[in-house]
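This report concerns only the one structure given below.
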Amino acid sequence: MKAIKDIPINGIAFALVRVPSSNRLLFGSSDFQVYDLDLAADKSGPKVLGAHQSYVTGLALAGTLAISGGYDGRLIWWDIETRKQIRAVEAHTKWIRKVALSPDGKMVASVGDDMVCRLWNVADGKMLYELRGHHERTPHHFPSMLFVCTFAPDGQSLATADKVGHIVVWDTASGKPIKTLEAPGMYTWDPVQRKHSIGGIRALAFSPDGKYLAAGGISKIGNVDHLDGKARIEVFDWQKGEKAHEHIDDKFKGLVEHLVFHPKGDWVLGGGGANDGFFLFFDLKTKKALRQEKAAMHIHAFALDEKAETIYAAGYGKIQKLEV
Amino acid sequence: MAPNRHSNFCGSPLHAMDRRNFLGTAVAGAAAFAADMTQLNVLQHPALASELKKQQKRCILLWLAGGASQLETWDPKPGAPTGGPFRAIPTSVPGIHISELMPQMAKRMKHTCILRSLNTRIGDHGGGAQLMMRGRRDEPNLKYPDLGAVLARELGRRDSQVPDYVSFYFATEGRSMAPGTAGFLGSRYAPMELYTSMVPENIRRLDSINDLDHKQRAELRELLSKQFAQGRASSSLDSHNEAYQRVRGLMASDKLFDATQEPPKVRDRYGPTLFGEQVMVARRLVEAGVPFVRVARAWWDSHGQNFETHQELVPELDHVMAALLDDLQERGLLDHTLVITLAEFGRTPKINPSLGRDHFATAWSATLSGCGIQGGSVWGKTDAKGEHVVEGEVGAAELFATIYRALGINPQKNYYVGSRPVPLTEPGTKPIKAILA
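In the order they appear, the protein sequences are chains C and P. 0 is the number of the first residue of the first sequence in numbering that gives the first Met the number 0; add one for each residue after it. 0 is the number of the first residue of the second sequence in numbering that gives the first Met the number 0; add one for each residue after it.
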C-alpha cells in the first residue's frame, strides 16, 4: 500500500463517505463539524459543511443528500450541492454511533447508546421502525453500547451489534428480528484487576452475495486500561447461525473499527488500531490474512473506490488516500 | 441506630478519671445517650462541647483509584479541542456546571465543593497515591501516616469497640500502590484492610469454643489482669487491656459489615454494584462510630477508550455518591461526615490515538462534601483547555489542611517522633478558608 495524499486535520475523523466515482469525501470529526473535501480539486483543505453539538460519528450519502449522526443524538440532513442543512431530527436519547444507508438509497439506519436502531425515510426524515433487541445494561450492570449497523446487499436485512458481542439481523420490511448471533470474544469484562469493561463489535459488513456477515472488534484483553487485545474479525454464515471463521490477528493489536468487502467478495478489509493503526486483508476462502499493513494513524472509517484499488481513510489527525 | 451503640460508659460521676479520659468517655456516652448528655450538661461546657463536636466527626473517602478524569466529571470543557464528547450540565447551584454523566450530583451540588485547581506534580501511580493518601511525601527516615490513620487517631475514641480505620479495596490493580498506612503512628492506627470479603476475616469466634467458654475465658483474663494491675501503674497494661477490649468489640462488629442487615429499600438506593454495596456499608460503619472509611473504586486508568470507561464508571460514581449524601443527610449525619472524592491524579486534556487520556497531575479536581464544607462552591479554575491552573492552585498539603480543618482538627498540630515535633501538614500550610463552613 502506498499513501498518495495526506491531509492533516484538527482532531479525529470518525466517519467518512465518498461521492461515487470521484475524489470528493465527506467526513465527520471530533471538532463537531461535518467537512467536505475534494482531494482532486481542493488545495485549501476541508470545507465545513455544517456542525453538530458533539462528535460526528456517522455519515451516509444518498445522491446529493448526506445524513450525519453524532454524539448529540441528532441526525442532520444536508444538501451537498447547495451546502445547506435540510432538516435535523432528535433521533436518539444517547450517542449515535453509526448510520448506514440501504442499497437502494431510500432508508437510513441509525444506532445509538440508547440501544435502539431506528430506520428512517431518507426522503422526508420520517421514522419507519424502531428496532429493539439489545440490552441496555451489560451483565455487570453497566450501560451497554450499540456500536454499529449495516444493510445487506439486497436491502432486505440489516444487522446491528453491541458492546457485549450480541448481533441481531432484522427484516427491514417488517422491522422484526430474523436471527441473533453471539461473538462474546469481542467483549472483555475484568472482574478482578480493574472491574470495568472494554471492547465490543465496532464493525459489520455483509459479503456481496449476502451469505456472510463479518464482525470486527478486539479480542480478550488482559489489561483493559489499553486497547491491548489482538485485532479480531469473526465471519458468520448468518442464516445458518454459524460462525464460519474467526481471525485473531497475529501482528496488530487494537479495534477493527471498519470493515468493507471487496466488490466481488475476494477479501474483506478491516481498518482500525490502538495507538497506531492497521489495515488487514482477510481472505474468506483460505481463511487467512492476505496482508497486514501498518497504517499512518488509527483508522476509524474508510471507503474503497469502485475497483477496490484506492482506499480513502479517516482517522486520528488525518485523512489519507492510498493505493492498494 | 445510635451512633455509638457500643459505648460502655455508664455515665456515673463516681468513676474517677483523668481529664482526657473523662472527656473522651463522656463524649462517647453523650453521643450515644441523649439522657446522659442532658444530665452531664455537656453541651454547656465549652471544652466538652468542643470535644463532642470533634469526636462526632467522620470521614468517608471515595478513592477513585487509577485517576478519574476531571474533564468527564467535575471540570468539563465542552467544545474545547480537549473537551471530549460529553456535555456540561447546570447544577442546582447557579453558575456551576459539571459533566452530563453526573445528573444526580448536579441536583445535590449544595452539599459539595469542587476543587478544580489541584496541581500535585506527581504523575505516577505509586508516588501519586502516596502523596494523595498522606498529604506529603515521606522522608528517608520518616514514614508519614495517611489520612485514615491521622483521622483514626484524632477522631477515634480510645475505648472504641469498632475499628477506627477501615479500607475497602477489592480490585487488585493499584492496591499495592495505595495501601493504607499508619506510618510513625504505629499499628494501633493501621487500617483494617478488606480485599476480598465484605466482612473482616478471622474476627469470628472459633467453632471449637462455645460462647459461654469464650466469655468465661475473657472474664478469667480480666480477673487475672486486674489482680496483676493492683498497685501497678503502667501504660503498657492499659494498652494491653485496651487491645483485648477492642478485639472483643471487633468480634461483635461483624454485623456492621453485613450489607444484608440493611432493608431492601436502602440497598436498592445504592444500586447493584460492588462499589454501591461497599459505600452503603461505609455509611453503616460511620453511623456506628468508625471515624474513617476508604472505599476504593478501581480502576480508572483509561489510557484507551477513556470516554467509554467513564461512561461506565462515572454514572456509577454519580449514583452511589448521590445515594450516600442523601442517606447521610436523612440520618442527620451529613453535617458530621465529610465525603471526599480523590485519586492519585487526573487525566490529560490531550486525547491520545486510542481515545484515551493519560496521567495528569498538573490541573485536576477533587471534591469535599458535607462536614465543615461550604457546599455549592467551586475553588480554583483551569484554563479553557484544562491544561493549566489559572486560579487558586492547590497542592496536597493545602488540601489536607482543609480536610483537617473541616473536621475540626488543627492542621499545624504537632505529633512527636521521639522529641521531634511533626506537624500534621507541612509547616506554614494554610487551609482554604473560603470553602470552610
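Note that CB positions come from ideal geometry on N, CA and C, so glycine has one too.
Any heavy atom of the ligand MN inside 7 Å of the beta-carbon of G209 (chain C)?
This structure does not include the ligand MN; it has no bound ligands of any sort.
Take D153 (chain C) as the anchor and find which of C:S206, C:V98, C:I177 and C:G270 has the nearest alpha-carbon.
It is C:S206.
Going straight from the alpha carbon of I350 (chain P) to that of F85 (chain P), what length do you get?
Cα to Cα, the separation comes out at about 13 Å.
For V421 (chain P) and F13 (chain C), what's the separation of their Cα atoms in angstroms?
Going by the C-alpha atoms only, they are around 55 Å apart.
Can you find a C-beta in chain C that's less than 8 Å from the C-beta of L63 (chain P)?
Judged by the 8 Å Cβ criterion, L63 (chain P) is not in contact with chain C.
Using DSSP's beta-bridge definition, name the partner residues of Q84 (chain C).
According to DSSP, which records beta bridges pairwise, Q84 (chain C) is partnered with C:W77.
Could you tell me if S6 (chain P) is buried or exposed, where buried requires 16 or more neighbouring beta carbons within 10 angstroms of its beta carbon?
At S6 (chain P) the pLDDT is 29, less than 50, meaning the model places this residue with poor confidence and gives no usable figure here.
When the Cα of L70 (chain P) is compared with those of P:L146, P:R174, P:V92 and P:I97, which residue comes out closest?
If we check each option's Cα against that of L70 (chain P), P:I97 comes out closest.
Determine the closest residue to D236 (chain C) out of C:P19, C:K178 and C:L127, with distance taken between C-alpha atoms.
That would be C:K178, whose Cα lies nearest to the Cα of D236 (chain C).
Who are the Cβ neighbours of S29 (chain C) in its own chain at under 6 Å, not counting the five residues just before and after it?
Correct list, in chain order: G10, I11 and Y54.
Can you grab the Cα-Cα spacing for the pair E138 (chain P) / D145 (chain P), in whole Å?
If you take the alpha carbons of E138 (chain P) and D145 (chain P), they lie about 14 Å apart.
For Q226 (chain P), does the count of other Cβ atoms within 10 angstroms reach 16, so buried, or fall short, so exposed?
The residue in question, Q226 (chain P), is exposed, as its Cβ has fewer than 16 Cβ neighbours within 10 Å.
Is V191 (chain C) close to chain P? Criterion is C-beta to C-beta, closer than 8 Å.
Judged by the 8 Å Cβ criterion, V191 (chain C) is in contact with chain P.
Taking one C-beta from the region 259-266 of chain C and one from the region 300-307 of chain C each time, how about it: are there three or more such pairs within less than 8 Å?
Touching, per the Cβ criterion.
Check each residue of the region 377-390 of chain P: if its Cβ is closer than 8 Å to any Cβ of chain C, include it; give the result in chain order.
The region 377-390 of chain P vs chain C, Cβ under 8 Å: nothing.
For F281 (chain C) and I79 (chain C), I'd like the C-alpha separation in whole angstroms.
Rounded to the nearest angstrom, the two C-alpha atoms are 34 Å apart.
Cβ closer than 7 Å: which chain C residues qualify as neighbours of N409 (chain P)?
Within 7 Å Cβ-Cβ: nothing; N409 (chain P) doesn't reach chain C, min ~38 Å.
Would G371 (chain P) be called buried (16 or more neighbouring beta carbons within 10 Å of its own) or exposed?
Buried, since its Cβ has 16 or more Cβ neighbours within 10 Å.
Apart from the five residues just before and just after K317 (chain C), which ones in its own chain have a Cβ nearer than 8 Å to its Cβ?
Once the five neighbours on either side are set aside, the close Cβ partners of K317 (chain C) are D5, I6, P7, I8, A12, A295 and M296.
To the nearest angstrom, report how far apart V167 (chain C) and I95 (chain C) are at their CA atoms.
Answer to the nearest angstrom: the Cα atoms are 18 Å apart.
Taking the C-alpha atoms as reference points, what is the distance between F21 (chain P) and S159 (chain P)?
Unreliable positioning characterises F21 (chain P) in this predicted model, as indicated by a pLDDT of 34, which lies under 50. A coordinate reading is not provided.
Could you tell me whether any Cβ in chain P is nearer than 8 Å to the Cβ of G272 (chain C)?
Chain P contact via Cβ: present.
Just tell me which of P:G355, P:G126 and P:V278 has its CA closest to the CA of D227 (chain C).
D227 (chain C) has its Cα closest to that of P:G355, out of P:G355, P:G126 and P:V278.
Going by DSSP, what residue range makes up the alpha helix (DSSP H) through N209 (chain P)?
That residue, N209 (chain P), is in no alpha helix (DSSP H); it is neither H nor E in DSSP.
Can you give the Cα-Cα distance for A87 (chain C) and E308 (chain C), rounded to whole angstroms?
Going from the Cα of A87 (chain C) to the Cα of E308 (chain C) covers about 35 Å.
Please classify M185 (chain C) as buried or exposed, where buried requires at least 16 other C-beta atoms within 10 Å of its C-beta.
Burial call: buried.
Short check: CB of C112 (chain P) to CB of S376 (chain P), under 8 Å?
Their beta carbons are under 8 Å apart, which means C112 (chain P) touches S376 (chain P) by this criterion.
At a CB-CB cut-off below 7 Å, which residues of chain C make contact with Q310 (chain P)?
Within chain C, the residues near Q310 (chain P) are P142.
Output the distance between the C-alpha atoms of K429 (chain P) and D357 (chain P), rounded to the nearest integer angstrom.
Going by the C-alpha atoms only, they are around 31 Å apart.
Leaving out five residues before and five after V16 (chain C) in sequence, what residues of the same chain have Cβ atoms less than 6 Å from its Cβ?
So the qualifying residues of the chain are L25, L58 and L60.
Going along chain P, which residues have a C-beta under 7 Å from G10 (chain C)?
Those are P80, listed as they occur along chain P.
So is G240 (chain C) buried or exposed if we call it buried at 16+ other beta carbons inside 10 Å?
By the 10 Å Cβ count, G240 (chain C) comes out exposed.
Drop a sphere of 10 angstroms on the beta-carbon of R120 (chain P), count the other beta-carbons inside from all chains shown, and report buried for 16 or more, exposed for fewer.
With fewer than 16 other Cβ atoms within 10 Å, it is exposed.
Can you tell me whether D103 (chain C) is buried or exposed, with buried defined as 16 or more other CB within 10 angstroms of its CB?
D103 (chain C) is exposed by the Cβ-count criterion.
With 16 as the cutoff for other CB atoms within 10 Å, does R57 (chain P) come out buried or exposed?
By the neighbour-count rule (16 or more Cβ atoms within 10 Å), R57 (chain P) is buried.
What is the rounded straight-line gap between the Cα of K106 (chain P) and the Cα of I402 (chain P)?
Spanning the two alpha carbons is a distance of roughly 24 Å.
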